[in-house]
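Participant: Quick note: UniProt numbering has the sequence shown finishing at residue 1195, numbered continuously throughout.
Backbone N, C-alpha and C fix where the C-beta goes; we use that ideal spot for every residue, glycine too.
For reference, the structure I am asking about is given below.
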Amino acid sequence: MYYLSYSSKFEWRVFLYDPTRPHIPPGENETSFFHEMINITGIQYDAPRLVVKPRALDYGIYKAIENVTMIGPQGVWHTDDGYFEIIKSPLYAIIIGGSTRSIGFDKNFTLDANASRDPDVDVGNREGIQVYWLCKRQSEKNFTFPDDPGNLTVITIIPRAVIHGVNATDLGGCHGNGPGLLDFTGYELPLNSGYMNINETYDFRFFIRKGNRTAYYDSSVLIVAGDPPQMAIRCDRNCLEKFNPSEKITLTALCTSCTSSSATNLMYKWTLSVQEGETWTSVDLASIAKTPVDRNTVVIGGGKLEGGKMYRIRITSWFKGGTSTGFAELAKVINVPPSGGVCVATPSEGYALKEIFAVSCEGWEDTDTPLSYTIKYKNGLDGLESGIYEGMDAVRRNMSMPLGKEMYNHTIFIYVSISDSLGAFTTVETRIKVTEEQLSDDEFSDMLGSMTADNGALGNLIAEGNAQAMCQFVGAITSLLNNKAEPEPEVITTTAAPNPGPPRNPKDIAAEAARRAQEEAERKRREEEARKQRIAAREKMVLAMTNVQVDSVTTVQQTSAALQSLLSTPEEVSPDAQAGASKAMENMADFMLSNSKFTSGSALTSAATGLVSGLGYMVSASSSTVSKKDNNDTAANASATVLQENCDVGNGEDGDGGVGDDDDGYDGSRRGVVVLVVVKMMMMVVVVLMMMMVMMVVGGSCDVGNGDEGSCDDGDVGGDKDDGDSGGYDGGRKGVVMVAKAVIASLNGATDKVFQAVASQSALGEDAVMIQTPAMALTSSKKLPSELGGSEMSIGEGKFGMPMASSSDNNTDPVDMKGVGTKDNAYSWDPSASAVQTQVMSLELRNSTGHIIPGNNLGEPISLFVSTGQTPSDPSIITLSHRSTVYHTLNVDKNDTSLHFEILRKTLIPKLSLLPDDPPVNATFPKDRHMFYISNADTNHTTAGTWYLAVFYNGTINPQYLLDSKGIPELFIPKKVNYTLRMYSSGCLFWDEENDRWSGDGCVVGPQSRMDMVQYLCTHLTSFASDFFVMPNVIDWSKISLDNLFSNPTVFAVVMAIFGLYVIGMIWARKKDKQDLLLLGATPLEDNDPRDMYLYEVVFYTGHSASAGTTGNVYMILEGTIDETAPKAMKDPVRVKFTKSAIDTFLLALGRLKSLRVWHDNSGQSPDNDKNNLKAFFYINYSTVEPVLMEIQYL
């Protein structure tokens, strides 16, 4: 059942209850007892949800009325109302520095309570707050601080010794005037320890009152001899009146008496103790801290401290070489999270998108109320955490859940966190099973179209403005889309050889083949229609998600989870959807960064994980769009070439360069290029078949040959066309690249903001925060410059290793390290991106102000390990006889490439050379001599070519001594051994931002590279990737049977056709090679004079263009230092000269040379006599004149 709805208009009215008339007479209009709040700053009156910003409304009871009017139909509206009360928040009192600290004797010091405040007003607004300071000695047991100090007699803060002299009677208290209320009402209490007693502890209480609200904070001071550093403890994270056991605690030690120079010589030691009854027991802090305990900042991980107990953490400090120690302590109770309840999800099983689930919680208790509930889920144990709900409802209904993963029996793991008012929470797990309702393709298509229509379920949620429900809906429906988008598993069946029965009628065979082809074409057409429908549905849902109002970290979690589900099938994300999603993610990253200070670490990390996952899928979608466009263009251009080419193979011509051209790397031998001919013919056949299939699927006519605009949707040979993925979008490569660049720029900005938000909660020395998702990894780490040298930073499956050189130890400004790794290439628009075969990784260093530290021209290289994504396959097994050598060939087509070899027989002797007879090349052996490599630096970046690896068996593998007939031991050498071999090449690539392309300059492949991980050594920082190629294993022909071919007639026919073409090509090539023999040798000119003393070999290289040759008579004149020759006719009585791409040699007798002139007489059929046709002119690429008996060459 689907609900019809349209866009809606929302209107909120807010009323404050009038306390002067608390009773409402029956029948009287209720709103008359309320005062309407109009145009209040901080209230959005036209949003789907009523959001009241902090301190926008005063205390009181309010009534909220919502009116929803459907835009379109007349008279469709609904009104609802509710009540809420704004109460006074507790006052917050604090003395900065800790619970207890030491002060040297006769020192000025201050107790600072400036951070105390009323949370209900702006920071700094202290109007109406009354301040009280109380003091006593800890040994004065007869005096305790009262709950209300207002009735105490005020005691002067002037020391008694100052008023009555040094011999005055000590009455106790702080300065000898007795314990009690001090005559001081400021927030900074100035004191001097010279009027206090050494080894005496003084207790202070700071008390504030505002109306009927009060708060206080107690702090103690121990007076010690000497001049120790005055220490204080600042709480950076988890700083409420109780420590939240669920979150990490971050504390920083401050020296209030140190100068900037003396602070660098300060030593630190943190300790921890827990109160057990009346005693304090030491706790091993180093085992639970996430940072070293000898730094100024310490971080204690969440879940390490026991709820309900009092803990005391102390910082002890001293100067290097000094003996006087100062300390500060902070004592707090660990909050106890809610307990005693249960949470259950119902029903336990249902269909995705059809079943409505609910989560009910009951029985939870806690002293710090009210309780709140957060519901999240994971699709399988390996899934990412996705938010569903956050609020105070213990029962949450009407929840849509996604399709569960089959590998986890379709189980959805639901996690409910029950939190008290101070943030301590308990998490419980409940499970449901969500399967897919069995629908036909047509039924699913109808359901999808109906639900995503403007008047369908999606439109209804958009109209309601219900962000949580819309995120749940999108997650559920997208799980079904993703399941449909997955390719069906290939079913491999073993088919016996065909049973020779009675012969079938050829017409029946042809008819069956035609029927199958028609069914296949229809299947592909339906698949394409379903794909386009899924693309359109994703785009619509993405654009709907961009309108979600982000007002909490939970909203970020929910929205990012829905988006990452939408984007998890990158090939079905249109450019318009990419642009919309990138905008939404950047907005969420903005919100995260601006609210990171007020967000718990677990909530921030969860939200960041969802965003990073979505950002990674966005990179994949952008890369997929550009790659798909390039592939379509390549296929279309190749098809056009197939239909346009006019090849004269007999003359070594292929339309542009020729099969026999030297440009192809061959010397003109037909046998040398026969394989190229066969392969090219196969490619032509395959491409033509592909284009025929496309034309059948789309049911149209496509003139691929001329690439006319509008002739075909796919290929875009004639112009930029719509590929059907998004309406009205310019699908040309230029448009795709522009969108890709804009999307990646937006994603980089969003990624940077997520990093800044995560880094803002990290402490110096704390373990790196590593967020790893299927498509992207983000790592944040904070270190001192002196700690960078030799450090490592893991990013997903790769890592960076910093050079050993480090900065001065005196530099105490922390450095933030930002590492990003993506599964796919974000910078895919340049043709050089085709070389990227691995993940892409980048590293940035930032100073304490957030500015990027340049990473160019480093003195020592940075070591980078990039995962290749390769799983080491079974190596080739080769048999080698005693005293024999086997050569292995590795063809390399790129200069910036390194070579890697793994031989798994340790007594074989490998030799690496460029040619079989060349001397060995020096190679690097990092582990043992049978796993070695040669880097691109070793070859001076000229690795391209054919490499040979020679393996020699010297007979020392597993030597055995056998007894001969006389019982004498005799050495037995196996005649043959087996060894395994892997060969692969790798290259280092980095993104050159200045030239907008991938480059390999300045990087060297390192010796620790292996098949699954490539090491780079680079002297700069940017984005890195790898070019990686594994040589295929040798085919084991013993395991190949003709039965395998006979079981598949189509494959058998193709194999036999290729073999037939190969035989025909070999016969043709042999015939042409014999004809080529006639073309060898120089042609003596007819008018050579035998008396001339100098013989010259004149060689003409005709160009490769279609009209470069000529059938006209060609003449030349050679000029010497004294005279010139008569015109010389260059003819051959047997061979045809001056054809396209020809090399013609003539032997000329003459004196010394000066210049050469060449022309033809326009005779013959080629070129024609139209002198206005530039293509008609004869073209010589270049020529050489070389004396036969002298080492001189003229060009």
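In terms of alpha-carbon separation, which member of Cys174, Arg431, Leu1156 lies closest to Ile375?
Facilitator: Here residue 375 corresponds to residue number 375 of the sequence shown, with the count starting at 1. Nearest option by C-alpha distance: Arg431.
Participant: Hey, how far is the Cα of Leu305 from the Cα of Ile862?
Facilitator: Against the sequence shown, residue 305 aligns to sequence position 305. Against the sequence shown, residue 862 aligns to sequence position 862. If I take the Cα positions, the gap works out to 40 Å.
Participant: Can you tell me which residues form a DSSP beta bridge with Cys361?
Facilitator: For the purposes of this step, residue 361 is taken as the residue at position 361 of the sequence shown. BP columns for Cys361 point to Cys343.
Participant: What are the boundary residues of the beta strand (DSSP E) that Thr1015 is part of?
Facilitator: Numbered from its first residue, the sequence shown carries residue 1015 at position 1015. Per the sequence shown, the amino acid found at residue 1015 is Gln instead of Thr. Element bounds for Gln1015: 1013 to 1018.
Participant: Quick check on the DSSP output: the beta strand (DSSP E) that includes Asp992 runs from which residue to which?
Facilitator: Taking the sequence shown and counting its residues from 1, the one referred to as residue 992 is at position 992. Counting along the chain, the beta strand (DSSP E) containing Asp992 begins and ends at 976 to 992.
Participant: Report yes or no: do the stretch 420 to 429 and the stretch 441 to 450 share at least 3 C-beta pairs separated by less than 8 Å?
Facilitator: These segments do not touch.
Participant: Among the candidates Glu278, Asp294, Val298, whose CA atom is the shortest distance from the CA of Lys309?
Facilitator: Taking the sequence shown and counting its residues from 1, the one referred to as residue 309 is at position 309. Checking every option, the nearest Cα to that of Lys309 belongs to Glu278.
Participant: Which residue wins for smallest C-alpha separation from Ser1105, given the options Ala1129, Asp1073, Phe1138?
Facilitator: Locating residue 1105 in the sequence shown gives position 1105, counting from the first residue. Ranking the options by Cα distance to Ser1105, first place goes to Phe1138.
Participant: Per DSSP, what kind of secondary structure is Ala950 in: helix, strand or coil?
Facilitator: Looking up residue 950 in the sequence shown gives position 950. Of the three classes helix, strand and coil, the one that applies to Ala950 here is strand, per DSSP.
Participant: Quick check: what's the CA-CA separation for Tyr1115 versus Ile1067?
Facilitator: On the sequence shown, residue 1115 is found 1115 positions in, with the first residue counted as 1. On the sequence shown, residue 1067 is found 1067 positions in, with the first residue counted as 1. If I take the Cα positions, the gap works out to 38 Å.
Participant: Going by Cα to Cα distance, which pick from Gly307, Lys290, Thr153, Ile1117 is closest to Ser781?
Facilitator: On the sequence shown, residue 781 is found 781 positions in, with the first residue counted as 1. Measuring from the Cα of Ser781, the nearest candidate turns out to be Lys290.
Participant: Kindly indicate which three-state DSSP category Thr153 falls into: helix, strand or coil?
Facilitator: As a first step, residue 153 is located in the sequence shown; it is residue number 153 there, counting from the start. The answer is coil: DSSP assigns Thr153 none of H, G, I, E or B.
Participant: Does the Cβ-Cβ distance between Gly391 and Gly363 come in under 7 Å?
Facilitator: By one-based count along the sequence shown, residue 391 stands at place 391. By one-based count along the sequence shown, residue 363 stands at place 363. No, they are not a contact pair.
Participant: Taking the continuous alpha helix (DSSP H) assigned at Arg117, which residues delimit it?
Facilitator: Along the sequence shown, one-based indexing puts residue 117 at 117. First-last for Arg117: undefined, no H or E at that position.
Participant: I'd like to check one pair, Ala64 with Tyr216: are the Cβ atoms closer than 7 Å?
Facilitator: Taking the first residue of the sequence shown as 1, we reach residue 216 at position 216. Taking the first residue of the sequence shown as 1, we reach residue 64 at position 64. Not a contact, by the Cβ cut-off of 7 Å.
Participant: If you count every other CB in all the chains shown that lies within 10 Å of the CB of Gln518, and 16 or more means buried, which is it?
Facilitator: Residue mapping note: residue 518 aligns to position 518 of the sequence shown, counting from 1. Gln518 should be labelled exposed.
Participant: Quick check on the DSSP output: the alpha helix (DSSP H) that includes Pro785 runs from which residue to which?
Facilitator: For this step, residue 785 is matched to residue 785 along the sequence shown. 785 to 788 is the extent of the alpha helix (DSSP H) around Pro785.
Participant: Taking the C-alpha atoms as reference points, what is the distance between Thr779 and Lys818?
Facilitator: The residue given as residue 779 occupies position 779 in the sequence shown. The residue given as residue 818 occupies position 818 in the sequence shown. Cα-Cα distance, rounded: 6 Å.
Participant: Indicate the three-state DSSP secondary structure (helix, strand or coil) for Ser606 in the structure shown.
Facilitator: Taking the sequence shown and counting its residues from 1, the one referred to as residue 606 is at position 606. Three-state result, Ser606: helix.
Participant: With the cut-off set at 7 Å, would you say Asn936 and Ser898 are in Cβ contact?
Facilitator: Against the sequence shown, residue 936 aligns to sequence position 936. Against the sequence shown, residue 898 aligns to sequence position 898. It is a contact, given that the beta carbons lie within the stated cut-off.
Participant: Count the other CB atoms, across all protein chains shown, that sit within 10 Å of the CB of Tyr187; report buried if there are 16 or more and exposed otherwise.
Facilitator: On the sequence shown, position 187 is the one that residue 187 refers to. Burial call: buried.
Participant: With DSSP as the reference, please indicate the residues paired to Leu843 in a beta bridge.
Facilitator: As a working note, residue 843 is residue 843 in the sequence shown. BP columns for Leu843 point to Gly819.
Participant: The alpha helix (DSSP H) with Leu563 in it runs from where to where?
Facilitator: Within the sequence shown, numbered from 1, the residue matching residue 563 stands at position 563. Its alpha helix (DSSP H) spans residues 553 to 567.
Participant: Buried or exposed for Asp1144, please, with buried defined as at least 16 other CB atoms from any protein chain shown within 10 angstroms of its CB.
Facilitator: If you number the sequence shown from 1, residue 1144 lands on position 1144. So Asp1144 counts as buried.
Participant: For Met37 versus Leu16, is the C-beta distance shorter than 7 Å?
Facilitator: The residue you call residue 37 lines up with position 37 of the sequence shown. The residue you call residue 16 lines up with position 16 of the sequence shown. Yes. Within cutoff.
Participant: State the start and end residues of the unbroken beta strand (DSSP E) segment that holds Leu1095.
Facilitator: Numbered from 1 along the sequence shown, position 1095 holds the residue referred to as residue 1095. Per DSSP, Leu1095 belongs to the beta strand (DSSP E) from 1094 to 1102.
Participant: In terms of residue numbering, what span does the beta strand (DSSP E) encompassing Cys1003 cover?
Facilitator: Here residue 1003 refers to the residue found at position 1003 when the sequence shown is read from its first residue. That run of the beta strand (DSSP E) goes 1003 to 1005.
Participant: I want to know whether the stretch 224 to 237 touches the stretch 163 to 180 - three or more CB-CB distances under 8 Å.
Facilitator: Touching, no, given that fewer than three Cβ pairs across the two stretches are closer than 8 Å.
Participant: Could you give the DSSP three-state label for Ile744: helix, strand or coil?
Facilitator: Walking along the sequence shown from the start, residue 744 turns up at place 744. Three-state DSSP puts Ile744 in a helix.
Participant: Where does Gln468 fall in DSSP's three states?
Facilitator: Numbered from 1 along the sequence shown, position 468 holds the residue referred to as residue 468. Here Gln468 sits in helix by DSSP.
Participant: From which residue to which residue does the beta strand (DSSP E) around His78 run?
Facilitator: Within the sequence shown, residue 78 is the residue found at index 78, counting from 1. Segment 77 to 86, the beta strand (DSSP E) holding His78.
Participant: Would you kindly work out how many angstroms separate the C-alpha atoms of Asp368 and Glu241, rounded to a whole number?
Facilitator: Along the sequence shown, read from residue 1 onward, the residue named residue 368 stands at position 368. Along the sequence shown, read from residue 1 onward, the residue named residue 241 stands at position 241. Their Cα atoms are separated by approximately 11 Å.
Participant: Within 10 angstroms of the Cβ of Val154, are there 16 or more other Cβ atoms? Answer buried if so, exposed if not.
Facilitator: Here residue 154 refers to the residue found at position 154 when the sequence shown is read from its first residue. Exposed.
Participant: Output yes or no for whether 7 Å exceeds the beta carbon distance between Ser565 and Thr478.
Facilitator: As a working mapping, residue 565 is identified with position 565 in the sequence shown. As a working mapping, residue 478 is identified with position 478 in the sequence shown. Taking 7 Å as the Cβ cut-off, Ser565 and Thr478 qualify as a contacting pair.
Participant: In terms of residue numbering, what span does the beta strand (DSSP E) encompassing Asp1132 cover?
Facilitator: Here residue 1132 is taken as the residue at index 1132 of the sequence shown, counted from 1. Per DSSP, Asp1132 belongs to no beta strand (DSSP E) and is neither H nor E.
Participant: Could you tell me the alpha carbon to alpha carbon distance between Cys1003 and Leu989, rounded to whole angstroms?
Facilitator: The residue you call residue 1003 lines up with position 1003 of the sequence shown. The residue you call residue 989 lines up with position 989 of the sequence shown. Distance between the alpha carbons of Cys1003 and Leu989 is about 7 Å.
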